[in-house]
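Right, one structure below, let's go through it.
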Amino acid sequence: MKHLPKHLRPRWRYLAVELEGWPDAEFDRGQFQRSVWFAAQNLVGDAGSAELDLTVVDFAFEDGDGHAIVRIHRGERDRARAVLACVERVDGEAVGVRISGASGTVRGCEEKYIGGGPKGAGQRNVVFENAERRAVVRDGRIDVRTDGAFIGATDLDL
């Protein structure tokens, strides 16, 4: 079977997406992909979802931080950003989604927006609500464990 000529091939753009969750959150590429498809179907319907063709091509998530690269059709950037902004949970885990930028190639997207990938988290003991507790520290953010859940805090709260 012959390939399509270049002027008939689909044109793609790639969105760099930063993911942030609680330190004990765990989900994989497939679960994130399902959440993106579900958000697209709810926001723009079946036909609009097919036009966007949101596909997660690269994914990494560990210790509550991660990134993804999502492929979209050229010219659909605004609708795709709106869909990704609607993703608030992945497999029951709360997640924050932020679009870092867009690029014409996967490699350009990785080099310009992803950088070194997810940063590691450190742990330390902090005093919170007059008690010493374990906390996870990531890029200036502090997540304090209290009674089986996490509370987001800053240095001024401790």
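Count along the sequence shown from 1, add 495, and you get the number used in my numbering.
Note that the Cβ used here is the ideal one computed from N, Cα and C, for glycine as well.
Look up alanine 542 in the DSSP assignment and say whether it is helix, strand or coil.
-> Within the sequence shown, residue 542 is the residue found at index 47, counting from 1. Helix, per DSSP.
Flag this pair as yes or no: are the beta carbons of glutamine 536 and serine 530 separated by less than 7 Å?
-> Here the question's residue 536 lines up with position 41 in the sequence shown. Here the question's residue 530 lines up with position 35 in the sequence shown. Their beta carbons are not under 7 Å apart, which means glutamine 536 does not touch serine 530 by this criterion.
Would you call leucine 503 buried or exposed, if buried means 16 or more other Cβ atoms sit within 10 Å of its Cβ?
-> By 1-based counting over the sequence shown, the position of residue 503 is 8. By the 10 Å Cβ count, leucine 503 comes out exposed.
Figure out for me which residue from Gly610, Glu606, Arg640 and Arg633 has the closest Cα to the Cα of valine 622.
-> Your numbering for residue 622 matches position 127 in the sequence shown. From the listed residues Gly610, Glu606, Arg640 and Arg633, the smallest Cα separation to valine 622 is found for Arg640.
Assigned secondary structure, glutamine 585 (DSSP; H/G/I helix, E/B strand, else coil) | For the purposes of this step, residue 585 is identified with residue 90 of the sequence shown, where counting begins at 1. Looking at the sequence provided, one finds valine at residue 585 rather than glutamine. Of the three classes helix, strand and coil, the one that applies to valine 585 here is strand, per DSSP.
For leucine 547, collect the residues of the same chain with a Cβ closer than 8 Å to its Cβ; drop the 5 residues on either side in sequence, then sort them by chain order.
-> On the sequence shown, position 52 is the one that residue 547 refers to. Closer than 8 Å at Cβ, skipping near neighbours: Ala535, Val539, Ile567, His568, Glu571, Arg574, Ala575 and Val578.
For glycine 599, count neighbouring Cβ atoms within 10 angstroms of its own Cβ and tell me buried if that reaches 16, exposed if not.
-> Counting from one through the sequence shown, the residue named residue 599 turns up at place 104. So glycine 599 counts as exposed.
Roughly how many whole angstroms lie between the Cα atoms of arginine 524 and arginine 619?
-> Counting from one through the sequence shown, the residue named residue 524 turns up at place 29. Counting from one through the sequence shown, the residue named residue 619 turns up at place 124. Each residue's alpha carbon lies about 30 Å from the other.
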